[in-house]
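This note's numbering numbers the first residue of the sequence shown as 3 and each following residue consecutively.
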Amino acid sequence: MQTLKFDSNGLLTAVAQDAGTGQVLMVAMMDAQAVDKTIKTKKAHFWSRSRKELWQKGETSGNFLDVQEIKIDCDGDALLLQVIPRGPACHTGNVSCFYSDLDGQNAV
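Below you can see the structure in the form of C-alpha coordinates.
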(Lines of atoms letter the chains of each structure in order from A and count residues from 1; the text may use other names and numbers.)
(Lines give C-alpha, C1' and ligand atoms only; values in the text may rest on other atoms or scores of the structure.)
Protein backbone atom coordinates (compact mmCIF):
# COMPACT_ATOMS: atom_id res chain seq x y z
CA MET A 1 0.00 0.00 0.00
CA GLN A 2 1.27 3.45 -0.91
CA THR A 3 2.08 5.67 2.06
CA LEU A 4 -0.20 8.64 2.69
CA LYS A 5 1.53 12.02 2.76
CA PHE A 6 -0.21 14.44 5.09
CA ASP A 7 0.61 18.16 4.94
CA SER A 8 2.25 20.13 7.77
CA ASN A 9 -1.17 20.36 9.47
CA GLY A 10 -1.62 16.59 9.31
CA LEU A 11 -4.24 16.80 6.55
CA LEU A 12 -4.77 15.64 3.00
CA THR A 13 -7.42 16.43 0.41
CA ALA A 14 -10.30 14.02 -0.16
CA VAL A 15 -12.65 14.16 -3.14
CA ALA A 16 -16.02 12.43 -2.83
CA GLN A 17 -17.36 11.15 -6.16
CA ASP A 18 -20.68 9.43 -6.79
CA ALA A 19 -19.77 5.82 -7.59
CA GLY A 20 -22.77 5.47 -9.89
CA THR A 21 -22.71 8.67 -11.90
CA GLY A 22 -19.12 9.86 -11.60
CA GLN A 23 -20.29 13.30 -10.43
CA VAL A 24 -17.89 15.04 -8.04
CA LEU A 25 -19.93 15.73 -4.91
CA MET A 26 -17.60 17.51 -2.52
CA VAL A 27 -14.02 18.12 -1.44
CA ALA A 28 -12.94 18.06 2.19
CA MET A 29 -9.89 17.44 4.35
CA MET A 30 -8.99 14.25 6.17
CA ASP A 31 -6.53 13.57 8.95
CA ALA A 32 -5.23 10.10 9.85
CA GLN A 33 -8.13 9.48 12.23
CA ALA A 34 -10.70 10.42 9.56
CA VAL A 35 -9.04 8.03 7.10
CA ASP A 36 -9.00 5.25 9.69
CA LYS A 37 -12.66 5.75 10.69
CA THR A 38 -13.71 5.91 7.04
CA ILE A 39 -11.97 2.61 6.30
CA LYS A 40 -13.41 0.92 9.39
CA THR A 41 -17.01 2.19 9.11
CA LYS A 42 -17.32 2.57 5.32
CA LYS A 43 -18.91 5.99 6.05
CA ALA A 44 -17.05 9.17 5.04
CA HIS A 45 -15.38 11.03 7.92
CA PHE A 46 -13.52 14.31 7.54
CA TRP A 47 -11.57 16.86 9.56
CA SER A 48 -13.25 20.24 9.96
CA ARG A 49 -10.61 22.97 9.80
CA SER A 50 -13.07 25.60 11.03
CA ARG A 51 -14.39 23.57 13.99
CA LYS A 52 -11.11 21.71 14.50
CA GLU A 53 -12.86 18.39 14.98
CA LEU A 54 -13.53 15.07 13.31
CA TRP A 55 -16.98 14.76 11.73
CA GLN A 56 -18.93 12.11 9.92
CA LYS A 57 -20.69 13.33 6.80
CA GLY A 58 -24.41 13.02 7.50
CA GLU A 59 -24.20 12.90 11.30
CA THR A 60 -26.59 15.83 11.62
CA SER A 61 -28.31 15.90 8.21
CA GLY A 62 -28.71 12.18 7.64
CA ASN A 63 -27.06 12.63 4.23
CA PHE A 64 -24.36 10.00 4.70
CA LEU A 65 -21.74 9.05 2.12
CA ASP A 66 -21.39 5.25 1.98
CA VAL A 67 -17.83 4.56 0.86
CA GLN A 68 -17.44 1.87 -1.80
CA GLU A 69 -13.78 2.34 -2.68
CA ILE A 70 -10.86 4.59 -1.76
CA LYS A 71 -8.17 5.45 -4.30
CA ILE A 72 -4.93 7.28 -3.61
CA ASP A 73 -3.30 9.68 -6.07
CA CYS A 74 0.20 9.20 -7.47
CA ASP A 75 1.77 11.57 -4.92
CA GLY A 76 0.01 10.03 -1.93
CA ASP A 77 -1.40 13.37 -0.79
CA ALA A 78 -5.00 13.09 -1.98
CA LEU A 79 -7.76 10.50 -1.83
CA LEU A 80 -10.70 9.80 -4.11
CA LEU A 81 -13.68 8.36 -2.25
CA GLN A 82 -16.10 6.48 -4.48
CA VAL A 83 -19.38 6.84 -2.58
CA ILE A 84 -23.08 6.19 -2.66
CA PRO A 85 -24.70 9.40 -1.40
CA ARG A 86 -27.70 9.08 0.94
CA GLY A 87 -29.06 12.52 0.09
CA PRO A 88 -27.53 15.82 -1.04
CA ALA A 89 -23.79 16.09 -0.41
CA CYS A 90 -23.75 19.88 -0.12
CA HIS A 91 -24.80 21.64 3.08
CA THR A 92 -26.88 23.98 0.87
CA GLY A 93 -29.12 21.09 -0.12
CA ASN A 94 -27.65 20.75 -3.61
CA VAL A 95 -26.66 17.30 -4.83
CA SER A 96 -23.06 18.49 -5.30
CA CYS A 97 -21.07 21.36 -3.84
CA PHE A 98 -20.07 22.16 -7.44
CA TYR A 99 -23.27 23.75 -8.72
CA SER A 100 -22.03 27.23 -9.72
CA ASP A 101 -19.82 28.41 -12.53
CA LEU A 102 -16.85 30.59 -11.62
CA ASP A 103 -18.71 33.70 -12.84
CA GLY A 104 -21.42 33.04 -10.22
CA GLN A 105 -24.06 31.69 -12.57
CA ASN A 106 -25.69 28.32 -11.97
CA ALA A 107 -23.94 25.51 -13.76
CA VAL A 108 -25.64 23.97 -16.77
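The C-beta atom is built at its ideal place from N, Cα and C for all residues, glycine as well. In this text the structure is predicted, and so the values were computed from the model without any measurement.
- Contact check for leucine 56 against alanine 16 fails: the beta carbons are separated by 8 Å or more.
- As DSSP reads the structure, aspartate 20 sits in a beta bridge with Val85.
- Residue state for glutamine 70 is assigned as strand, using DSSP reduced to three classes.
- Within its own chain, the residues whose Cβ lies closer than 8 Å to the Cβ of valine 97, once the five positions on either side in sequence are excluded, are Gln25, Leu27, Pro87, Pro90, Ala91, listed in chain order.
- Our two residues, alanine 36 and glycine 95, have alpha carbons roughly 23 Å apart in a direct line.
- In this structure, leucine 13 sits near aspartate 33, with a CB-CB distance shorter than 8 Å.
- Here the alpha carbons of glutamate 61 and leucine 67 stand approximately 10 Å from one another.
- Taking the C-beta atoms as reference points, glutamine 70 is found nearer than 8 Å to alanine 21.
- Bounds of the beta strand (DSSP E) holding glutamine 58 are 55–58.
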